[in-house]
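When the letters of the sequence shown are read in order and numbered with the working numbering, they come out as residues 29 to 124. Beta carbons: idealized from backbone N, C-alpha and C, even for Gly. Notes for the one structure printed next.
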Amino acid sequence: MFDPIDYVRMLNAALTLSTLVYAWKVRASFAARPVHDRFFTLAGLGCSLILGFGAIEAIVSDIPGGARVLLATPFHAWMLASLVMIEGKELENDRN
Numbered sequence: 029m030f031d032p033i034d035y036v037r038m039l040n041a042a043l044t045l046s047t048l049v050y051a052w053k054v055r056a057s058f059a060a061r062p063v064h065d066r067f068f069t070l071a072g073l074g075c076s077l078i079l080g081f082g083a084i085e086a087i088v089s090d091i092p093g094g095a096r097v098l099l100a101t102p103f104h105a106w107m108l109a110s111l112v113m114i115e116g117k118e119l120e121n122d123r124n
């Protein structure tokens with residue numbers, strides 16, 4: 029049965045896949061970034077992947093939703109926004 033919270037889970041899964049795409053785009057400059065940037069980016073990416081694939085598993089297994097699903101959405105959006113800003117900064121640096 030399709031639960032209304034599954035729409036939020038699909039958004040979380042889409043944000044996770046987008047995060048993977050942007051992480052792949054910024055991988056070339058990753059080693060040149062400061063250590064704290066790399067640490068927080070890897071930690072955020074790992075959490076985003078775990079939460080995103082948990083959302084996909086919950087949709088497939090038809091597990092009832094709860095507050096965790098809603099709380100994960102801003103985290104996914106924050107991680108994706110961070111990677112988009114990193115890529116934007118790289119593109120700006122390439123132009124200069």
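Local Cβ density within 10 Å of residue i, reported as buried at 16 or more and exposed below that
i	result
I78	exposed
Y50	buried
R37	buried
A86	buried
D34	buried
A109	exposed
M113	exposed
A83	buried
L98	exposed
Whole-number beta carbon distance between residue j and residue i, since they are thought to touch under 8 Å
i	j	result
T101	L45	With 8 Å as the limit, T101 and L45 do not qualify as a contact, their Cβ atoms being about 14 Å apart.
F58	C75	No, F58 and C75 are not in contact; Cβ-Cβ is about 17 Å, not under 8 Å.
G80	A41	6 Å
Residue j beta carbon less than 8 Å from that of residue i
i	j	result
V54	L111	yes
V73	T47	One point to set straight first is that residue 73 is Leu, not Val, in the sequence displayed. Contact flag set, yes.
L43	A95	no
Residue-level contact to chain B via CB, residue i, 8 Å cutoff
i	result
M113	Note that chain B does not occur in the displayed structure, where there is just one protein chain.
Within the region 49–122, ranges of the beta strand (DSSP E) (whole runs, at least 3 residues): Qualifying beta strand (DSSP E) stretches: none in this window.
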